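Chain order of the listed sequences is A and B.
The numbering of the first sequence is UniProt numbering, which starts it at 1 and goes up by one.
The numbering of the second sequence is UniProt numbering, which starts it at 1 and goes up by one.
C-beta atoms are modelled at their ideal positions from N, C-alpha and C, and glycine is treated no differently.
None of the values given here were measured: they were computed from a predicted structure.
Below you'll find the structure, written out as C-alpha cells, and then a few comments.
Number of protein chains: 2
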Amino acid sequence: MDYAPRPEDVRFLLDAVLGASQQLARLAPFAEVDADLQAQVLEQAATFVGEVIAPLQRDGDEIGCRLEGGQVHTPPGFAAAYQAFVEGGWPSLSAATEDGGQGLPAVLEAVLYEWLAGANHGFTMAPGLLHGAYECIRHHASDDLKARYLGKVATGEWLATMCLTEAHAGSDLGLVRTRAVPQANGCVRVSGTKIFISGGEHDLTPNIVHLVLCRLPDAPAGPKGLSLALVPKVLDDGARNAVQCERIEEKMGLHGSPTCVMRFDEATGWLVGEPGRGLAAMFVMMNAARLHVALQGIGLLDAAWQKAHAYAQERRQMVAPGADRASGPSLIAEHPAVARVLDTQRAWIDGGRLIAYRTALQLDIARHAEDAKAREAAQQWCSYITPVLKAACTQQGFDGASACLQVFGGHGYVREWGIEQILRDARVTMIYEGTNEIQAIDLLVRKVLPDVGAGFAATLLALRDELDASRDVDADAQRRLAQLRYLTTQIAMAAHAQPRLPYELADDYLRLVMVTLLAWAWARIEQAPGAGEAHARAAAAFRRWVLPEFDMRAAIIKKACEPQG
Amino acid sequence: MDYAPRPEDVRFLLDAVLGASQQLARLAPFAEVDADLQAQVLEQAATFVGEVIAPLQRDGDEIGCRLEGGQVHTPPGFAAAYQAFVEGGWPSLSAATEDGGQGLPAVLEAVLYEWLAGANHGFTMAPGLLHGAYECIRHHASDDLKARYLGKVATGEWLATMCLTEAHAGSDLGLVRTRAVPQANGCVRVSGTKIFISGGEHDLTPNIVHLVLCRLPDAPAGPKGLSLALVPKVLDDGARNAVQCERIEEKMGLHGSPTCVMRFDEATGWLVGEPGRGLAAMFVMMNAARLHVALQGIGLLDAAWQKAHAYAQERRQMVAPGADRASGPSLIAEHPAVARVLDTQRAWIDGGRLIAYRTALQLDIARHAEDAKAREAAQQWCSYITPVLKAACTQQGFDGASACLQVFGGHGYVREWGIEQILRDARVTMIYEGTNEIQAIDLLVRKVLPDVGAGFAATLLALRDELDASRDVDADAQRRLAQLRYLTTQIAMAAHAQPRLPYELADDYLRLVMVTLLAWAWARIEQAPGAGEAHARAAAAFRRWVLPEFDMRAAIIKKACEPQG
Chain A
1 MDYAPRPEDV RFLLDAVLGA SQQLARLAPF AEVDADLQAQ VLEQAATFVG
51 EVIAPLQRDG DEIGCRLEGG QVHTPPGFAA AYQAFVEGGW PSLSAATEDG
101 GQGLPAVLEA VLYEWLAGAN HGFTMAPGLL HGAYECIRHH ASDDLKARYL
151 GKVATGEWLA TMCLTEAHAG SDLGLVRTRA VPQANGCVRV SGTKIFISGG
201 EHDLTPNIVH LVLCRLPDAP AGPKGLSLAL VPKVLDDGAR NAVQCERIEE
251 KMGLHGSPTC VMRFDEATGW LVGEPGRGLA AMFVMMNAAR LHVALQGIGL
301 LDAAWQKAHA YAQERRQMVA PGADRASGPS LIAEHPAVAR VLDTQRAWID
351 GGRLIAYRTA LQLDIARHAE DAKAREAAQQ WCSYITPVLK AACTQQGFDG
401 ASACLQVFGG HGYVREWGIE QILRDARVTM IYEGTNEIQA IDLLVRKVLP
451 DVGAGFAATL LALRDELDAS RDVDADAQRR LAQLRYLTTQ IAMAAHAQPR
501 LPYELADDYL RLVMVTLLAW AWARIEQAPG AGEAHARAAA AFRRWVLPEF
551 DMRAAIIKKA CEPQG
Chain B
1 MDYAPRPEDV RFLLDAVLGA SQQLARLAPF AEVDADLQAQ VLEQAATFVG
51 EVIAPLQRDG DEIGCRLEGG QVHTPPGFAA AYQAFVEGGW PSLSAATEDG
101 GQGLPAVLEA VLYEWLAGAN HGFTMAPGLL HGAYECIRHH ASDDLKARYL
151 GKVATGEWLA TMCLTEAHAG SDLGLVRTRA VPQANGCVRV SGTKIFISGG
201 EHDLTPNIVH LVLCRLPDAP AGPKGLSLAL VPKVLDDGAR NAVQCERIEE
251 KMGLHGSPTC VMRFDEATGW LVGEPGRGLA AMFVMMNAAR LHVALQGIGL
301 LDAAWQKAHA YAQERRQMVA PGADRASGPS LIAEHPAVAR VLDTQRAWID
351 GGRLIAYRTA LQLDIARHAE DAKAREAAQQ WCSYITPVLK AACTQQGFDG
401 ASACLQVFGG HGYVREWGIE QILRDARVTM IYEGTNEIQA IDLLVRKVLP
451 DVGAGFAATL LALRDELDAS RDVDADAQRR LAQLRYLTTQ IAMAAHAQPR
501 LPYELADDYL RLVMVTLLAW AWARIEQAPG AGEAHARAAA AFRRWVLPEF
551 DMRAAIIKKA CEPQG
C-alpha cells in the first residue's frame, strides 16, 4: 500500500503534451539533456523515492520527532535515508555544476519533489528548502560567504532553514523584531525567537544553515527595515553557535518534520544581501518554495488517489446500478459516487501537474534563455501562476485527500490504511509559505490589478495560442480565457468605489484562474498523442464536475462588481 | 477558550423564527411546556455543558481511551461527568415520563446534543445512541425485554450500542454474517465480530446494552434475512455475557470515544422485533441518530467558529484595506478574507440550525400530533430532510472547521489552540450513520424519484407558504423551490435512458436542496423580530458566497440530463 511514483504518467505529460525536451534543448546548459537522459533520471528518482523514502512514511507519523536536551531526533531511518539522498546527488539535482550540482533542469527537480511529498511529506521537508537557500546564497551572499557555504548547501551536505515567522509576526513579516547588531569584524550578532522553523534542529547533517529575517539597530519599522542574516548552527572553528531549539510543536500532522521554536542569543551571523533588502533576498527562496508546495499538494493528492483507487478495486459492497445482480456485490469502483471521486481527483492531479510542470519549465527558461524577452516572459508566467498553483493545488490536496478518505468509509478514519495521515499532513500546505488567502491577494491585488490586468492577459495569450479554435473544447477554453480578462477589468473598475472588494474576491478570482488553466490543460492532454482511456475519463470528469465552478465564480464576481445601490 | 453554548442565539431561532412554543403547545404531552420552561431547560443545559463537559475536551483527545485486559478506560473525568449527566436527567430528556424520562420535546434534546458535540464530541458519543436504543426497545421489544431494559436505557443508567458493521459489511449491511441461533428457552446465542462499535466497552455504566444486527440460521441472504438481537454485557444474574472488546481503533480523532471491535461468542441475547425485520427495527434508531449527527456537524462548526472569532478579535496583522495606516496593524477580523470566513460559517450555523430545529419539531409532531395527517406530513418531512441535513451539515462541519482553522494561520495547525482537534473529530461525522454519499442516494434514489418528486414537492410547499412573495429574498427562495421541483422532474426523465445518472447526481441534488433550504432559512431569520446586526451580516454572506452554489449545481444537473449524443 506504499505510494509508488509512476514515471510513465509524468513522461506523457512532459513529452507528449508539453514537449519539454524540445524546449529544454533550446537552453544552453541543457543541450545534452535529451529525452532519454530525462527518462533515466526520472526512472532512478522513482526507484529511490519508492524504495527508500516511501517505506518510512508510517514511522515518520507514528514515532515522529523528539527533542531531548536540545537535540532533535528524527524518526527511525530518516538519517540513513537522507544520507542516501545526498549520496545519490538528489539535493543538487538542479544546482549548477560549478557549485557541485548536477546542472539538470528545474522541471525534473519539480517532479522529484512531487514524488517525495507523495511518498513521505515529513521527510521531504528536510531538503525542501535547500534549493531556495542555495539560490538565495548564490545570488545575494558575499564571495566569502559563498566560498564557505554555497557548495555544502548545493550538495545537501548541510541542510538549511528559512527563519521568518515570530510569535506576533506571521503573515505580517513587517512586524519581525529579531535584531542583528553589526560587529567590528564584519559579522552580526543575532538575537530573537523564531517559530514554525521546519528542520530548525535535527540529526540529519552536521551543520544547519539558518537564513534569518532580522532588523539592524537603525532600521526603519516595517518590511523595508528587514535584513537577512546567515547564521550557522556550527561555526567555522567547530564551535556551537548560540542557536537553540527551545521546543518542537505538537501538530495535527507532519510529525516526520520537526517544527522548531529557535532562540538566537547573540548568535554569530553574516548579512546576505544589502541591509533593508532582506525580503527581496528571501523572495528568491519563496517563489521556488511556493511552486514546490503546490507540487506537495499534487503529490499528496496522488498518494491519496493511489490508496483509494487500490481499495476501490478490492472492496465489494452492494450491486452497482446497471450491474448484474446475480454476480453479487460490485467493486466499489463501479459505484457512480466512487467513480466520480476517483476520476475527478485524477483530473486535478494530471491537470495540476501539467500547469505546475509548465511553470517549472518556465523557471528553467527564466534562468537560462539567451533572449532577455523570453526570460522576462517566463519570469512573468512564474510570478502570476505560482500563487495560483500554491493555493489551488494545496486546497485540492486537502479536499481531494478527504474525498479519497471517504472512499474507504469507516476504514478511512482509522490509522491502519494510512489515508488519514495524508489528510492531516496535507492540511499544513494550505498555510505555510504564505497562506492561501495571501496567495490570492498576491495574485489579484499585488500583481494583476496594478496594470488593470494587461500584463496577466499578455501572459495568458500563450495559452490561447496553443489551442485550436476549430475544436470544441479548445474553443471553450479560449472563451473562458476571454471571460477571465473581462472579469479582471470589471473588478478593477469596481474597486474604485469599493476598495475592499478585490480583497473579498481574491479567492474567487484565483479559483477562476485555476479552473481556466485546467480547461487549457485538459484540452491539451486529451488530444495529445498517447492519451489513454484514463485520460478520457478524467477529462470528462473535469468538464462535468470541476468546470462548472467557473460560472459560479464568475457569477459571484459579476454580482459583487455591480454598482452598489 | 472552551466552547460555551449560547442559549440566547438558539432561543431567537426557536421562538422568534420558528414559533416553537406555539407549535409544541398544540401537542398534548407538551401542553405545559411553555416558553419559560423551555428557556429554563436550555439555560440549565448550557450551564451543564459549558461547565462540566467542555473542560474535558482536551484530555479526551490527548489522553484518550485505553484497553487493558478487556477493560476500556475512558479519559480522566468522563466517568464522573457521565454520572452527573445521568443525575441531571439529561439522557432521559425526551423519554416518556412513564419510562422514567422527562417527557420534554425532541427539539430541546436536539439543542442539547448540538451543544454537547460542540463542547466535547468524544464524550457525546457515549449517550449519543441512547435515545435511539430507547425508541427501538420501546417500539419493537417484547414486554419482558422492556421490563428488564427499557427503564435503565431511558434514564441512561445503562448505555447502549448499535452493532451493525462487520469488516466486510459496511454500507452494505446485507452482507452481515453474525449468527443468532435460537435456544429452547427463548433466547438466542449470538456469534460474530462487529467493528466500529462506539462505546462497545467502557467504564461509564455497570451494564451495556448491545443491539446487534444478526442472521438466524434459516434466514435468506441479503438485508431481508437480518434480525436484531439485544445482547447485554452483563446478564440478569450478574454473570458476564460472552461479549468481548478485542481492540479499540487508532483513529484520526474522536479519541474520547472508544471505537471497539466486539466479539460475540455464543453470547446470550433476545430478538427485538420479528425475525427478518432487523433493519426496520434499526431504522427507528437511525433516523433520530442521523439528525443528531447533523447537529454534531453544526455544534462542531460553532465550536470552530467561536475559537476563530475570538482569535480574530485579538490577533493583529497588517493594515486592513480602508483602515487607518497610522493605527498600526488591524485586527485580523477586519481583513476581508477573515470576515468572509466568519460570516459565511455563521450563515451555515444559524441556517443549518433553523432547518435542523424545524426537523426536530417535526419529530415531536410526528410522535404526538392528534391528527393522523399532521403526523404523516411531519414524518414525511423528517424522511426527506434528515439525509439532507446529515450530509450537508457534517460536510460543512468539516469544511467550515477547516476554514476556521485557516484563520489561525500556522497556529491553527498546532495542538495548542484546540482547533485542529475539532477538524480531526469532525471528519468522522461525514462517514458514520451512513456515509454522506449514502444519504444522497437515500434522498434522491430511494425517496424522491420513486414518485417523480411529487411527495417531496408536496412536503416543500409548507416552506413556500411561509414566504412572502412581495419581498425580494422571499420571492427568490420561492423561485428556487420551483426550480428544484423542475430539476427533479428532469432527473426522473433522464434516468430512463441513463440508469446510473441519479447515482452520479445524488450529491449535487442534495446540495441543491440544502442551499434551497438555507435560502428559506435566511429569508425567515433576517426578517424575524429581534434579528440583529450579526444576522444581517450572515444573511448577506449567505447570499454572496453560499447561494451561488445553487446555480452551479443546477447547471451540472441540467447538463447531465441533456439527451446523450
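Worksheet item: Just to confirm, does residue 541 (chain B) get its C-beta within under 7 angstroms of one of the non-hydrogen atoms of the ligand MG?
Response: Looking at this structure, you won't find the ligand MG or any other ligand, since it has none at all.
Discussion item. Residues of chain D with CB closer than 7 angstroms to the CB of residue 428 (chain B), please, in chain order.
Written reply: This model lacks chain D altogether, as its protein chains are A and B.
Practice prompt. Closer than 9 angstroms, Cβ to Cβ, to anything on chain A: give me those residues from the stretch 187 to 203 of chain B, in chain order.
Written response: 195 and 196
Worksheet item: Got a sec: which bits of the stretch 280 to 308 of chain A sit with their beta carbon under 7 angstroms from any beta carbon on chain B, in order along the chain?
Response: none
Worksheet item: Rounded to a whole number of angstroms, what is the C-alpha to C-alpha distance between residue 46 (chain B) and residue 116 (chain B)?
Response: 9 angstroms
Worksheet item: In this structure, does DSSP put residue 568 (chain B) in helix, strand or coil?
Response: Nothing about residue 568 (chain B) can be reported from this structure: the residues present for chain B run from 1 to 565 only.
Worksheet item: Using the beta-carbon of each residue, which ones in chain B are nearer than 8 angstroms to residue 175 (chain A)?
Response: 317 and 329
Fill in: Contacting positions in the stretch 136 to 159 of chain A - beta carbon closer than 7 angstroms to chain B
none
Worksheet item: Roughly how far, in whole angstroms, is the beta-carbon of residue 501 (chain B) from the beta-carbon of residue 560 (chain B), given that I think they are within contact range, below 8 angstroms?
Response: 6 angstroms
Worksheet entry | Cβ neighbour criterion (16 or more within 10 Å) applied to residue 76 (chain A) | exposed
Worksheet item: Would a check of beta-carbon distances place residue 555 (chain A) closer than 8 angstroms to chain B?
Response: yes
Fill in: Selected residue, minimal CA-CA separation from residue 290 (chain A), among A:429, A:187, A:6 and A:156
A:429
Item to complete: Determine the direct distance from the alpha carbon of residue 118 (chain A) to that of residue 314 (chain A), and round the result to whole angstroms.
Response: 22 angstroms
Item to complete: Report the neighbours of residue 504 (chain A) on chain B: residues whose CB is nearer than 7 angstroms to its CB, in chain order.
Response: 336 and 340
Item to complete: Put residue 567 (chain A) into one of helix, strand or coil per three-state DSSP.
Response: Residue 567 (chain A) lies beyond the stretch modelled for chain A, which goes from 1 to 565, so this question has no answer here.
Worksheet item: DSSP beta-bridge partners for residue 227 (chain A)?
Response: A:214
Fill in: Cβ pair count under 8 angstroms reaching 3, the stretch 121 to 128 of chain A against the stretch 254 to 268 of chain A
yes
Worksheet item: Should residue 401 (chain A) and residue 422 (chain A) be called a contact, given that it needs their Cβ atoms to be closer than 8 angstroms?
Response: yes
Discussion item. Which of the three DSSP states is assigned to residue 415 (chain B) in this structure?
Written reply: helix
Worksheet entry | DSSP state of residue 563 (chain A) mapped onto helix, strand, coil | coil
Worksheet item: By a C-beta neighbour count over all protein chains shown, 10 Å radius and 16 as the cutoff for buried, is residue 262 (chain B) buried or exposed?
Response: buried
Worksheet entry | Beta-carbon proximity of residue 165 (chain A) to residue 214 (chain A), cut-off 8 angstroms | no
Worksheet item: If we ignore side chains and look at the alpha-carbon of each, how far apart do residue 197 (chain B) and residue 278 (chain B) end up?
Response: 17 angstroms
Worksheet entry | Contact set between the stretch 255 to 271 of chain B and chain A, restricted to residues whose Cβ is under 9 angstroms from the partner | 259
Item to complete: With a cut-off of 8 angstroms on the beta carbons, I'd call residue 127 (chain A) and residue 159 (chain A) a contact; round off their distance for me.
Response: 7 angstroms
Worksheet item: For residue 395 (chain B), which residues of its own chain have a beta-carbon under 7 angstroms away from its beta-carbon, when the five flanking residues on both sides are left out?
Response: 430 and 436
Worksheet item: Do residue 210 (chain B) and residue 243 (chain B) come within 8 angstroms of each other at the CB atom, strictly closer than that value?
Response: yes
Worksheet item: Beta carbon of residue 84 (chain B), beta carbon of residue 52 (chain B): below 8 angstroms?
Response: yes
Worksheet item: Taking the continuous beta strand (DSSP E) assigned at residue 67 (chain A), which residues delimit it?
Response: 66 to 68
Practice prompt. Name the residue from A:341, A:294 and A:284 whose alpha carbon lies nearest to the alpha carbon of residue 304 (chain A).
Written response: A:341
Fill in: Three-state class that DSSP yields for residue 248 (chain B) in the structure shown
strand
Item to complete: Please compile the residues from chain A whose C-beta is within a distance smaller than 7 angstroms of the C-beta of residue 500 (chain B).
Response: 321, 322 and 336
Fill in: Whole alpha helix (DSSP H) elements within the stretch 460 to 531 of chain A, 4-residue minimum
472 to 497 and 501 to 527
Worksheet item: Does DSSP classify residue 123 (chain B) as helix, strand or coil?
Response: helix
Worksheet item: Quick one, which residues of the stretch 430 to 443 of chain A are near chain B if we go by CB-CB under 8 angstroms, in chain order?
Response: 430, 431, 432, 435, 436, 437, 440 and 441
Worksheet item: Which class does residue 264 (chain B) belong to by DSSP, given the choice of helix, strand or coil?
Response: strand
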